[in-house]
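Here's the structure we're looking at; comments come further down.
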Amino acid sequence: MRSDVHIIENYLREVKRWFTLSNLILSGKVEIGLLAYDPRHDELYHIESALGRTNAPLRLKSTLSISGESNENGLDYFSSVKFESDVVKSFLGRLSAKERDHKRVLVVRDIDSRQSESVRQEARAMHIEIWFMQSIIQSLAAMDIKNSSDDVLRTIELCREALKRY
650 MRSDVHIIEN
660 YLREVKRWFT
670 LSNLILSGKV
680 EIGLLAYDPR
690 HDELYHIESA
700 LGRTNAPLRL
710 KSTLSISGES
720 NENGLDYFSS
730 VKFESDVVKS
740 FLGRLSAKER
750 DHKRVLVVRD
760 IDSRQSESVR
770 QEARAMHIEI
780 WFMQSIIQSL
790 AAMDIKNSSD
800 DVLRTIELCR
810 EALKRY
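Going by the working numbering, 674 is the number at position 25 of the sequence shown; the sequence numbering is gapless.
Listed below in structure tokens is the structure:
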């Protein structure tokens, strides 16, 4: 599991107290990064991380690599490939007897400053919530976790303790 997905999953479990499933391979190359269930509000979340291929901030349209492949840094990519894929929609539609609505979340490092308002408006129109990784890490660091056996939580604990000294 990618470390960014692992961090997000720990946040969902430890801070939000949600149930999670990560890296669900549906067919071929179609994958869901995280599925989370909020039992308090009976809500299902489909969560993807935009921290994968590049360090580039989120934009409206993905940039292309030299070979012509998507850099996976655009709202268009996440909408069409991750959230609106027929395979993903079919899978999520079968999760319960009722037509379960689910919330869509995209976790980003940052949004391109020149397109910030446009990206936020387009995400709202696509029913995609944007969460920031910095806030997730800060929430985990604020928890009183001691000697966790989880690598991510232990690393955050060690960093928090080291930064207290400065």
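Note that the Cβ used here is the ideal one computed from N, Cα and C, for glycine as well.
{"query": "Phe843 and Ile777 closer than 8 Å at C-beta", "result": "No answer is possible for residue 843: the residues shown for the chain start at 650 and end at 815."}
{"query": "Under 8 Å between C-beta atoms of Met782 and Leu700", "result": "yes"}
{"query": "Coil, strand or helix - His690 by DSSP", "result": "coil"}
{"query": "Rounded C-alpha distance that separates Asn722 from Ala772", "result": "13 Å"}
{"query": "Close-in-space but distant-in-sequence residues of the same chain around His655 (CB under 6 Å, 5 per side omitted)", "result": "Val801"}
{"query": "Buried or exposed (CB count within 10 angstroms, at least 16 for buried), Gly742", "result": "exposed"}
{"query": "Distance CB(Ile779)-CB(Leu755) smaller than 8 Å", "result": "yes"}
{"query": "Exposed unless 16 or more other CB atoms sit within 10 angstroms - verdict on Ser652", "result": "exposed"}
{"query": "Residue burial classification, Asn796 (beta-carbon count within 10 angstroms, cutoff 16)", "result": "exposed"}
{"query": "Phe668 versus Leu683 - alpha carbon distance", "result": "10 Å"}
{"query": "Exposure label - Val664; buried when at least 16 CB within 10 Å", "result": "exposed"}
{"query": "8 Å contact criterion, which Ile707 and Leu724 should meet: CB distance rounded", "result": "In the sequence on display, residue 707 carries Leu and not Ile. Indeed, because the Cβ distance is near 6 Å, the residues count as touching under 8 Å."}
{"query": "Glu697 versus Arg814 - alpha carbon distance", "result": "35 Å"}
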